[in-house]
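Numbering (the numbering used here) for the sequence shown: 2 to 418.
First up is the structure itself, then whatever we jot down about it.
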Amino acid sequence: MLPFQVRNFGGRSGEEIFVLTRRAGEPYFYPNVFATADYRNAGKSPNTTARVLRSIGMAIMWAESKAIDFDRRLVEENFISVSDVDDLVHFLGLTAAEQVARYAERLKVAPSARSKVVNLETYRPHPRGNSAAEVNIVSSMEVGARIRWVAKYAEWLLNRRLHNMEVIGQQTAPLRVNAEAAIRRLRSLAPSVSGFVDDDRTLEAPEFEIIRQIEELLRPDSQSNPFCSPFIKARNYLIWRLLRDTGARRHEVHGARSSDIHYAERRFAIVKSKTLPRTVLIQAKTAEAFDNYVMDFWTRLPHGSASRKSGHIFCDENGKHLSLRAINRIFETVRERIDKTPQKISPHAMRRFWNHLLSQKIDSLPEEQRISAQEEATYRMRIMGWSSDTQAKRYNRRHIREAGDRIAQSMMDDLEK
Numbered sequence: 002m003l004p005f006q007v008r009n010f011g012g013r014s015g016e017e018i019f020v021l022t023r024r025a026g027e028p029y030f031y032p033n034v035f036a037t038a039d040y041r042n043a044g045k046s047p048n049t050t051a052r053v054l055r056s057i058g059m060a061i062m063w064a065e066s067k068a069i070d071f072d073r074r075l076v077e078e079n080f081i082s083v084s085d086v087d088d089l090v091h092f093l094g095l096t097a098a099e100q101v102a103r104y105a106e107r108l109k110v111a112p113s114a115r116s117k118v119v120n121l122e123t124y125r126p127h128p129r130g131n132s133a134a135e136v137n138i139v140s141s142m143e144v145g146a147r148i149r150w151v152a153k154y155a156e157w158l159l160n161r162r163l164h165n166m167e168v169i170g171q172q173t174a175p176l177r178v179n180a181e182a183a184i185r186r187l188r189s190l191a192p193s194v195s196g197f198v199d200d201d202r203t204l205e206a207p208e209f210e211i212i213r214q215i216e217e218l219l220r221p222d223s224q225s226n227p228f229c230s231p232f233i234k235a236r237n238y239l240i241w242r243l244l245r246d247t248g249a250r251r252h253e254v255h256g257a258r259s260s261d262i263h264y265a266e267r268r269f270a271i272v273k274s275k276t277l278p279r280t281v282l283i284q285a286k287t288a289e290a291f292d293n294y295v296m297d298f299w300t301r302l303p304h305g306s307a308s309r310k311s312g313h314i315f316c317d318e319n320g321k322h323l324s325l326r327a328i329n330r331i332f333e334t335v336r337e338r339i340d341k342t343p344q345k346i347s348p349h350a351m352r353r354f355w356n357h358l359l360s361q362k363i364d365s366l367p368e369e370q371r372i373s374a375q376e377e378a379t380y381r382m383r384i385m386g387w388s389s390d391t392q393a394k395r396y397n398r399r400h401i402r403e404a405g406d407r408i409a410q411s412m413m414d415d416l417e418k
């Protein structure tokens, strides 16, 4: 069992707050201050904050296995040595199960039987059990993120320590040289992931037929709808429609308030975003689903309930703001009910689906109406809420490769005639 936990609870305004604690429940001081200052208050998604805290928890776990107080070493002692960095990076690259085993081995305690955990970014078993052979690895992208987050946390503590030393007139040069060398070494060991090589896999969108089947399944009046309560059916259908129409992130839909969706104008104002707030178009059917859900269910919640006070529209039948995990469960249920549903069906897959539709729409236009690659990237940035064109260019590259593949296939087919 991991010696730390990332716990979540609802804030006064209904937002989801994550805190890193010891297994017994005592919160860590510096990691939570760091996460609050640099992530939560900076508008980053709660899920990102949780992953940052979990990575820092892994670093603390590594330090404890070597009889080191991680925060005290960074704040008061000789910082982390360059030689320790290599061992820390190796630990951060392990799965949770392997980390627990390593931790238990060094502390000479028996690992819990419940600690057999694999990285969900690279392996998700199919609910019907017909998945590929189990792979117990952590992706390079995930390892790189862990290392960079820990390095950023170490640098944050270093800057605080150097500032305090300067205030009281202490010499900072020796500490600065050694500590900055360790942080540079830590960052240099983060795996570099080529966005070009993995685009075909990481940007792959669900097939339109699968989207159609999900739509039919989740309609509130569908006889096959797997959810029982009329309230839950209407709520889940609205969540699905917002994700499908807009390509919004899971936490952006999760944070929607009643004032953010405008029925008459068919607009969804995405106010809570880890990148750029924006207003996007929704379909008439989605606006109708919003009106039905709000008028038939949400406005009938108790006036003293948390969601009525905060304005968050996605809640349980008692008015408690829905968790992000609950949105995942909608898609987990869909994967169980629709035969041959691919594992890539998830809330985030709707962003890939939206971009895939844009690519198809551009391809269908007459040559004289085609937009430039730069205009295409601008449209993607605007709707997806990206602050830079990096991700938009990745989708453009994939779009060009797909078009090239179709042309090449057509040429080969002509040769066979």
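We treat Cβ as the ideally placed atom computed from N, Cα and C, and that holds for glycine.
Just so we're clear, the structure is a prediction, and the values are computed from it rather than from any experiment.
{"Asked": "Over the uninterrupted alpha helix (DSSP H) stretch that includes alanine 146, give me the two end residues.", "Found": "141-168"}
{"Asked": "I'd like to check one pair, lysine 67 with arginine 8: are the Cβ atoms closer than 8 Å?", "Found": "no"}
{"Asked": "Can you look up asparagine 42 in the DSSP assignment and give me helix, strand or coil?", "Found": "coil"}
{"Asked": "What is the residue span of the alpha helix (DSSP H) that alanine 183 lies within?", "Found": "174-189"}
{"Asked": "Closest to proline 303 by C-alpha separation, out of Ser347, Asn42 and Asn319, would be which residue?", "Found": "Asn319"}
{"Asked": "Near isoleucine 363, which residues of its chain fall below 7 Å by C-beta distance, leaving aside the five closest residues on each side in sequence?", "Found": "Arg371, Ile372 and Glu377"}
{"Asked": "Between the C-alpha atoms of asparagine 329 and proline 221, what's the straight-line distance to the nearest angstrom?", "Found": "18 Å"}
{"Asked": "Does the stretch 231-239 come close enough to the stretch 352-368 to have 3 or more Cβ pairs within less than 8 Å?", "Found": "no"}
{"Asked": "What did DSSP end up calling glutamate 78 once you bin it into helix, strand or coil?", "Found": "coil"}
{"Asked": "Express the C-alpha separation of aspartate 390 and arginine 186 in angstroms, rounding to a whole number.", "Found": "29 Å"}
{"Asked": "Helix, strand or coil for arginine 258, going by three-state DSSP, please let me know.", "Found": "strand"}
{"Asked": "Which of helix, strand or coil does DSSP assign to isoleucine 69?", "Found": "coil"}
{"Asked": "Measure from the alpha carbon of arginine 73 to the alpha carbon of each residue in Leu277, Glu181 and Tyr29, then state which is nearest.", "Found": "Tyr29"}
{"Asked": "Counting only runs of 4+ residues fully inside the stretch 315-343, write out the alpha helix (DSSP H) ranges in chain order.", "Found": "325-338"}
{"Asked": "Please work out which residues of its chain come closer than 6 Å, Cβ to Cβ, to phenylalanine 35, disregarding the five sequence neighbours upstream and downstream, and give them in chain order.", "Found": "Tyr154 and Trp157"}
{"Asked": "Whose CA, out of Asn226, Ala43, Leu75 and Ala206, lies closest to the CA of serine 274?", "Found": "Ala43"}
{"Asked": "Going by beta-carbon coordinates alone, are arginine 268 and isoleucine 283 separated by less than 8 Å?", "Found": "yes"}
{"Asked": "From the DSSP secondary-structure annotation, give me the bridge partner or partners of leucine 282.", "Found": "Arg268"}
{"Asked": "Please classify serine 189: is it buried, with 16 or more other beta-carbons within 10 angstroms of its beta-carbon, or exposed?", "Found": "exposed"}
{"Asked": "Compare the Cα-Cα distances from serine 46 to each of Asn293, Ala290, His252 and Ile69 and report the closest residue.", "Found": "His252"}
{"Asked": "Name the residue from Val272, Ser82, Phe209 and Leu3 whose alpha carbon lies nearest to the alpha carbon of threonine 96.", "Found": "Leu3"}
{"Asked": "Tell me the DSSP secondary structure of leucine 277 in three-state form.", "Found": "coil"}
{"Asked": "Considering only DSSP beta bridges, list what arginine 8 is partnered with.", "Found": "Val20"}
{"Asked": "Whole-angstrom Cβ separation of alanine 290 and arginine 250, contact assumed at under 8 Å?", "Found": "Not confirmed; about 19 Å, so no contact."}
{"Asked": "Return the first residue and the last residue of the alpha helix (DSSP H) that histidine 349 is part of.", "Found": "Note, histidine 349: premise wrong, no alpha helix (DSSP H); not H, not E."}
{"Asked": "Who are alanine 313's beta bridge partners in DSSP?", "Found": "Checking the displayed sequence, the identity of residue 313 turns out to be histidine instead of alanine. DSSP, once it has assigned bridges, lists Arg258 as partnering histidine 313."}
{"Asked": "Check each candidate in Arg279, His263, Ala25 and Ala374 and name the one with the smallest Cα separation from alanine 285.", "Found": "His263"}
{"Asked": "Buried or exposed, going by whether 16 or more other CB atoms sit within 10 Å of the CB of alanine 288?", "Found": "buried"}
{"Asked": "Got a sec? Which residues, its chain only, sit under 7 Å from serine 260 by beta carbon, not counting five neighbours each side?", "Found": "Gly312"}
{"Asked": "Please state the DSSP three-state secondary structure of histidine 91.", "Found": "helix"}
{"Asked": "Can you name the residues that DSSP bridges to proline 28?", "Found": "Thr22"}
{"Asked": "Among Leu358, Met385 and Leu163, which one has its Cα closest to the Cα of leucine 277?", "Found": "Met385"}
{"Asked": "For lysine 234, does the count of other Cβ atoms within 10 angstroms reach 16, so buried, or fall short, so exposed?", "Found": "buried"}
{"Asked": "Taking C-alpha atoms, which residue in Glu369, Asp39 and Ala51 lies nearest to valine 20?", "Found": "Ala51"}
{"Asked": "Let me check one thing: in DSSP terms, what residues is histidine 263 bridge-paired to?", "Found": "Arg268"}
{"Asked": "For phenylalanine 332, which residues in the same chain have their Cβ closer than 7 Å to its Cβ, ignoring the five residues on either side in sequence?", "Found": "Ile346, Ser347 and Pro348"}
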